[in-house]
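**Q**
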Amino acid sequence: MIDRLERSACTSMMVGKNASTDGSTYISRNEDRLVAIHPKRFTVMPAVSGRHETYVSAYNKLTVPLPESGYRYTSTPDAHQDKGPNEEDGFNEKNVGESATESVYANSRVLAFDPFVKNGLAEDSMTTLVLPYIDSARDGVRYLGELVKKYGSAEGNGVQFNDKDEVWYMEIVTGHMWVAVRIPDDCYAVAANQVAIEDIDFNDPDNYMWADGIQEFVEEHHLNPDRDRWDFRHIFGTNTEKDHHYNTPRVWFAQRYLNPEIEQNPEDTEMPFIRKANRKIDVEDIQYILKSHYNETKYDPLGGGNEHDRKTYRAISLSRTAQSHILQMRDSDKQGDAGVQWIELGVPSFCPHVPFFTNANAIDPSYSEFPDKMDLKSAYWLYEALAEVVEGHYAEFIEEDEAYQKDLNEWAKRMINKVDEDTKDMSGDKLTEYLTEQNHKIAEHYNKATKDLLFKLLTEGTDLSDLTFKMDPNL
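Plus 457 on top of the position in the sequence shown (first one is 1) and you've got the working numbering.
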């Protein structure tokens with residue numbers, strides 16, 4: 458089995474079209490790594506045709522012949538690809554989104570009978586081998602399921618797909634076993650490194666999909682602990698002390714925010730995967746959750762609780778979050794600029810999610826290029842610097858930082874609305890070129906606002922030094 462220390466440990470959130478304020482579908486995730494500096498880029502991969510190539514993973518040598526043709530797509534690859542591309546998330550030109558992956562962990566009972574495949578499909582390859590070739594969210598589940606059937610899986614992963622109508626969440630938990638559920642249009646769902654999917658209705662293929670033979674696999678090996686239900690979480694998942702402190706509290710906090718009327722415990726192992734919020738959900742709500750660290754609770758590591766409480770649970774936003782993304786798909790039948798990919802670099806708590814239109818053929822160099830040494834022309838390094846400065850004087854700087862993020866969100870909403878108006882009669886290459894230009898303007902605006910704040914805080918910080926000394930005039 459592959460060294461799981463190389464895996465991500467993320468938090469994912471999905472929103473159906475009738476659960477959102479404007480009818481968008483959303484998939485989103487914080488990509489968390491083991492180190493604070495894990496450089497990422499944001500780029501557009503061109504469409505291909507007439508290709509005759511074989512993909513070989515630099516991570517585990519998975520070898521897959523590539524289709525001759527593939528769609529253009531956006532992605533957030535690692536800046537250094539010695540362990541595979543790890544493209545993670547994006548929209549293709551058919552307005553289908555994918556976020557891969559949320560690491561999930563199966564129990565030893567099921568892995569005993571279907572172990573992982575060492576050179577099978579892993580996170581490093583999943584977006585590269587799926588996103589350019591799918592035509593809908595449902596098709597994404599089908600296509601990925603066929604790859605798992607043929608090559609096996611090297612690890613446990615949760616994968617999100619969306620298009621203008623549907624959101625799907627798929628959990629691959631052993632070498633070949635997986636299920637997927639369609640998130641109801643009026644619901645949201647949060648996953649946090651645990652098997653999350655619950656009951657599967659095998660008589661409802663419109664809303665559930667599953668690996669061939671999964672029922673027979675469970676029955677043959679006597680894996681179902683329940684007497685009268687087929688609960689995927691109970692059969693394949695874990696319920697450990699680590700889950701109670703590392704995983705379930707994140708789900709608790711998100712559901713507490715969107716359903717404050719429901720009483721739950723942070724360590725409750727039976728929290729529902731799918732919920733109806735007590736209000737409609739906007740992109741700012743998703744941002745709040747992905748940026749959160751148990752805000753306004755005693756568990757906040759940046760709060761005023763005692764040391765034990767502040768270190769009890771693993772937060773959603775981390776210093777080692779490589780990037781955070783929100784994939785928003787609006788009505789692509791009516792809008793050529795329907796796909797918006799909100800990209801955040803640095804620590805999510807302190808840095809903005811930047812909106813980019815995905816019907817584009819290039820991304821601003823500040824995002825698509827990466828210098829190994831710190832350079833504030835690079836968006837990645839710029840946001841890492843901002844996060845370090847804000848956290849270094851959290852009490853003094855967080856209010857200014859939150860105001861900066863709020864101002865940028867307001868600007869983003871106005872910008873998106875203006876582009877919607879400007880592109881009503883545009884289509885084809887003209888539209889793509891125009892949206893590419895707007896993406897450059899968006900990057901420039903956010904880069905300037907961030908540098909302005911960074912330099913302001915650095916200046917203010919000079920008065921906060923412990924080496925400041927003023928002579929008592931009475932001495």
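C-beta: ideal position from N, C-alpha, C; glycine also.
Enumerate in chain order the residues of its own chain whose CB-to-CB distance from residue 928 is below 8 angstroms, with the five nearest sequence positions on each side excluded.
**A** So the list is empty, once near-sequence residues are dropped.
**Q** Measuring only the C-alpha atoms, how far is residue 727 from residue 508?
**A** Distance between the alpha carbons of residue 727 and residue 508: 48 angstroms.
**Q** So for residue 635, helix, strand or coil by DSSP?
**A** Looking at residue 635 - three-state DSSP - the assignment turns out to be strand.
**Q** Which stretch, first to last residue, makes up the alpha helix (DSSP H) that contains residue 879?
**A** 851 to 879 is the span of the alpha helix (DSSP H), which, as asked, contains residue 879.
**Q** Under 6 angstroms Cβ to Cβ from residue 771, same chain only, skipping five residues before and after it: list those, please.
**A** Taken in chain order, the residues that qualify are 703.
**Q** Look at residue 469 and residue 556 and say whether their C-beta atoms are less than 8 angstroms apart.
**A** Contact flag set, yes.
**Q** Excluding the 5 residues preceding and the 5 following residue 517 in the sequence, name in chain order all residues of the same chain whose CB lies nearer than 7 angstroms to its CB.
**A** The answer, listed in chain order, is 459, 575, 576, 579, 611.
**Q** For residue 876, count neighbouring C-beta atoms within 10 Å of its own C-beta (all shown protein chains included) and say buried if the count is 16 or more, exposed if not.
**A** Under this definition residue 876 is a buried residue.
**Q** Going by DSSP, name the residue or residues bridged to residue 778.
**A** 489, per the DSSP bridge assignment.
**Q** Below 8 angstroms on the Cβ atoms is my contact criterion, and I expect residue 824 with residue 499 to pass it. Report the Cβ-Cβ distance as a whole number of Å.
**A** Residue 824 to residue 499, Cβ: 4 angstroms. Contact.
**Q** Return the chain-ordered ranges of every alpha helix (DSSP H) run that is complete within the region 552 to 619 and spans a minimum of 4 residues.
**A** Listed in chain order, the complete alpha helix (DSSP H) runs (minimum 4 residues) inside the region 552 to 619 are 565 to 570, 580 to 587, 594 to 608.
**Q** Quick one: residues in its chain with C-beta nearer than 6 angstroms to the C-beta of residue 616, no 5 flanking neighbours on either side, listed in chain order?
**A** Contacts found: 557, 558, 627.
**Q** Using alpha carbons as the reference points, say which of 790, 801, 648, 681 lies closest to residue 865.
**A** Considering only alpha carbons, the answer is 801.
**Q** For residue 714 and residue 724, I'd like the C-alpha separation in whole angstroms.
**A** Each residue's Cα considered, the two are about 16 angstroms apart.
**Q** Just to confirm, is the Cβ distance from residue 548 to residue 533 under 8 angstroms?
**A** No. Outside cutoff.
**Q** When DSSP builds the beta bridges, which residues end up paired with residue 522?
**A** 511.
**Q** Can you check which of these residues, 669, 716, 763, 809, is closest to residue 867 by C-alpha distance?
**A** Comparing Cα-Cα distances from residue 867 to each of 669, 716, 763, 809, the minimum goes to 809.
**Q** For residue 415, name the three-state secondary structure that DSSP assigns.
**A** The first residue shown for the chain is 458 and the last is 932, placing residue 415 beyond what the model contains.
**Q** Cα separation between residue 804 and residue 526?
**A** Near 37 angstroms, if we compare the C-alpha coordinates of residue 526 and residue 804.
**Q** Looking at residue 832 and residue 896, is the spacing between their C-beta atoms short of 8 angstroms?
**A** No, these two residues do not count as a Cβ contact at 8 angstroms.
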